[in-house]
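Protein chains: 2
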Amino acid sequence: MSFEPGRDIPDIADIHLAHARIQDQVRLTPVINDPGLDEALGCKLYCKCENLQRTGAFKFRGASNAIARLAEDGVEGSVATHSSGNHGAALALAAKLAGRTAHIVMPENSSPMKIEAVRRFGGHVHFCAPTDRSRAEELERLVQDGMIAIHPYDNADIIAGQGTAALELEQEVPTLEQIVTPLGGGGLVSGTAIATRAWGVSVYAIEPEGAADTVVSLQRGEIVDSYEPDTIADGLRAIVGRRNFHVIQTGVKQVLTVSDDDLRETMVLFWSKLKLLIEPSSATVIAGVRNHPEIFAGKKVGAIISGGNITPADWVALTGQSTECT
Amino acid sequence: MSFEPGRDIPDIADIHLAHARIQDQVRLTPVINDPGLDEALGCKLYCKCENLQRTGAFKFRGASNAIARLAEDGVEGSVATHSSGNHGAALALAAKLAGRTAHIVMPENSSPMKIEAVRRFGGHVHFCAPTDRSRAEELERLVQDGMIAIHPYDNADIIAGQGTAALELEQEVPTLEQIVTPLGGGGLVSGTAIATRAWGVSVYAIEPEGAADTVVSLQRGEIVDSYEPDTIADGLRAIVGRRNFHVIQTGVKQVLTVSDDDLRETMVLFWSKLKLLIEPSSATVIAGVRNHPEIFAGKKVGAIISGGNITPADWVALTGQSTECT
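Protein chains in written order, with the numbering used here: chain A, 2 to 327; chain B, 2 to 327.
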């Protein structure tokens, strides 16, 4: 399959346009460097805190851009997607702010916090069985009813929106040498790679060992048909998208993997230094940098901290923390 | 007792000088507005996130300024203070960065997290019995040994440093009408009142009901001799300082009180909207604004979010949260 840049896949101009389109509604998130964290990791790390983005994740950027593009194209009506998590909440809020209705297909075993978030932002939840097939069927039914499907990552407008986080990071810290993002379906990393291409930084993506479908796909030269994920990083269980895979093949320096234990440890490390709770998916970037000094030591590294949607109680349970600080 | 502005009590010029002195080592913390939180509170709230300051609290500002002033005055040697919490960790780090040693007198029942923080930043911990007298005696012993005492709040350099948070907030959101801070010993609110005097905003301070010594002192016209605090806001149990009380009498519009239940509820509210864990002392400002719509409704309000030094496990225990989001 081939893609035409600027139409099927966004280019840097699309990311600048996306930024202009969404910047009034998307939060300009802080970039935080902490000398104590640097000391622990052996590099200078600039954290773009998308965990502090509205809806608690970078997903609100892509969703806002996709919704705004509909209006520009004169497309009316409700939107629909499938998501077990952050994309659903993000699309719900972006739709609500634009006066549209969002319908979110969610597996019936989704976390109560994420179901609640979709509803709080005005989204309509449609439960399905927790299988790819059931999810696709339920979404197809909504599309048949006239709704506009917004894919969580294999969508040019979504990719362009996600790329705006790296654009802001570049504007704030122009001297970065490397940039690191989590990798699930690939929306964030593909947007980041496109946003930073002319900038000359090396882009690294981090997958959980238990959801390393992209590493396998890169080895094979084509996307795996199916993959049974097994990781605590619930935001990264999806199989990489077609557009996203294409960008990763051509624009990402390396895909690294980290274990669930790495994620638990770096969630605690990150909290102890920055006083921020991050979800396991976000901890991939900290773990990836920590595990690969041969790549990152001594460098100026940008890290997209993708989301903070985990309850404190779940964080405590997952990391096994007691009431005493480590 | 009378104070001479510019010597005993800082003026606005001292706060600008403090800012110039410390800005390379103090983090320019983000100011976050969240439409969802605004909706819950009925005003536009601009949160100056000092919970994301180095050492996890605004206290690092005052400590950095006090340490830098010593060098300017040619004073050498180790510093000492008494603190059950954030000032101790802040002074330890500020001293370490300046190549000095800090000695922190802490009650033997201090939280393990706060003891650990002082030590992590290179401070020497001296335990004492948990009484005012024991604390003062132990500090006096250190001063007799030649150490320089840095009072946590009743100190002009500390007040000037704490005022830099409001200065930054003013520069970022010049159209604020009101500003709200927690009130314990009064370092933060007195610095804030001085920093914002020419700006024309109304300053409000919030005390826990169980540590409302300043409200009582204002009624009497003089500082109470003793007060037995009973509140979960461990950072606000101190009796207001002399310099601080003087500034509060002349420069603070009103001191409001909130209950511990208010603090628990607003810690959860703040987390649910902003994905930030704050310690009970910080929640005072959110609770104060929520409880007083007759003062704050419809206004543009600045809130100094003072600190985030609470473990996730303690946060969960204190707020009684289950694994499901509210």
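For every residue, glycine included, the Cβ atom is placed at its ideal position computed from N, Cα and C.
- Any C-beta of chain A under 9 Å from that of Asp-35 of chain B: yes
- Query: Going straight from the alpha carbon of Ser-273 of chain B to that of Val-259 of chain B, what length do you get?
  - Reply: 20 Å
- Task: Please confirm whether Leu-92 of chain A and Lys-49 of chain A have their CB atoms less than 9 Å apart.
- Result: no
- Message: I'd like to know if the segment 28-44 of chain B and the segment 181-193 of chain B are in contact, where contact means that at least 3 CB-CB pairs between them fall below 8 Å.
- Response: no
- Task: Run down chain A in chain order and give the residues with a C-beta less than 9 Å from the C-beta of Gly-1 of chain B.
- Result: A question about residue 1 of chain B goes unanswered here, because the residues of chain B that appear run from 2 up to 327.
- Query: Quick one: what's got a C-beta closer than 8 Å to Pro-57 of chain A's C-beta in the same chain, skipping five residues either side?
  - Reply: Checking the displayed sequence, the identity of residue 57 of chain A turns out to be Gly instead of Pro. The residues are Asn-87, Ala-90, Ala-118, Gly-308, Gly-309 and Asn-310.
- Task: Go to Lys-49 of chain B, then tell me how far its beta strand (DSSP E) extends in each direction, as first and last residue.
- Result: 45-50
- Query: Arg-101 of chain B to Leu-53 of chain A, Cα distance in whole Å?
  - Reply: 35 Å
- Item | Residues that Asn-52 of chain B contacts on chain A, provided the C-beta gap is smaller than 8 Å | Lys-276
- Looking at the C-beta of Gly-187 of chain B, does it have a partner C-beta in chain A at a distance below 9 Å? no
- Is there a Cβ from chain B that is less than 9 Å from the Cβ of Val-317 of chain A? yes
- For Met-107 of chain A, the first and last residue of its enclosing beta strand (DSSP E): 103-108
- Could you give the distance in angstroms between the alpha-carbon of Glu-171 of chain A and the alpha-carbon of Leu-177 of chain A? 7 Å
- Message: Let's test the definition: count the other Cβ atoms within 10 Å of the Cβ of Gly-192 of chain B and tell me whether it reaches 16, buried, or not, exposed.
- Response: buried
- Message: Within 9 Å of any Cβ in chain B, is that where the Cβ of Gln-322 of chain A sits?
- Response: yes
- By DSSP, does Val-174 of chain B sit in helix, in strand, or in coil? coil
- Task: From the DSSP output, read off the bridge partner residues of Pro-183 of chain B.
- Result: B:Ile-207
- Item | Segment contact, 8 Å Cβ cut-off, at least three pairs: the segment 125-137 of chain B with the segment 106-115 of chain B | yes
- Message: For chain B, check one thing: does any of its Cβ atoms lie closer than 9 Å to the Cβ of Arg-28 of chain A?
- Response: yes
- Inspect the beta-carbon positions of Asp-214 of chain A and Val-204 of chain A and report whether they are closer than 9 Å. no
- Query: Are the segment 248-268 of chain A and the segment 286-303 of chain A touching, with three or more C-beta to C-beta distances below 8 Å?
  - Reply: yes
- Message: I need the DSSP call for Cys-326 of chain B, collapsed to helix, strand or coil.
- Response: Its pLDDT being 39, under 50, Cys-326 of chain B is placed unreliably in this model, and the value from its coordinates should be taken loosely. Coil at Cys-326 of chain B, not helix or strand.
- What are the residues that DSSP puts in a beta bridge with Ala-304 of chain A? A:Cys-48 and A:Val-181
- Item | Nearest-angstrom Cβ-Cβ length linking Ile-10 of chain A and His-247 of chain A, presumed shorter than 8 Å | 7 Å
- Message: So that I know if they touch, is there some Cβ in chain B lying closer than 9 Å to that of Thr-312 of chain A?
- Response: yes
- Message: Quick check on Val-346 of chain B: does DSSP put it in helix, strand or coil?
- Response: What the structure shows of chain B is the stretch from 2 to 327, and residue 346 of chain B is not part of that stretch, so it cannot be assessed.
- Query: Hey, quick one: how far does the beta strand (DSSP E) through Thr-258 of chain A stretch, first residue to last?
  - Reply: 255-259
- Would you mind sorting Val-144 of chain B into buried or exposed? The rule is 16 or more other CB atoms within 10 Å of its CB. exposed
- Do three or more CB pairs link the segment 151-168 of chain A to the segment 69-85 of chain A at distances below 8 Å? yes
- CB contact check: Pro-31 of chain A to chain B, cutoff 9 Å: yes
- Taking only the alpha-carbon atoms, compute the straight-line gap between Leu-18 of chain A and Cys-44 of chain A and give it to the nearest angstrom. 33 Å
- Grab the span of the alpha helix (DSSP H) containing Phe-128 of chain A for me, first residue to last. Run containing Phe-128 of chain A: none in the alpha helix (DSSP H); it sits in the beta strand (DSSP E), 125-129.
- Message: Using 9 Å as the threshold, is the C-beta distance between Arg-55 of chain A and Val-32 of chain A below it?
- Response: no
- Task: Report the three-state DSSP secondary structure of His-152 of chain A (helix, strand or coil).
- Result: coil
- Message: Assuming the contact rule is C-beta atoms closer than 8 Å, Asp-158 of chain A and Arg-70 of chain A should be a hit. Round their C-beta distance to whole Å, please.
- Response: 5 Å
- Message: My output table needs one value for His-20 of chain A: the three-state DSSP class, helix, strand or coil.
- Response: helix
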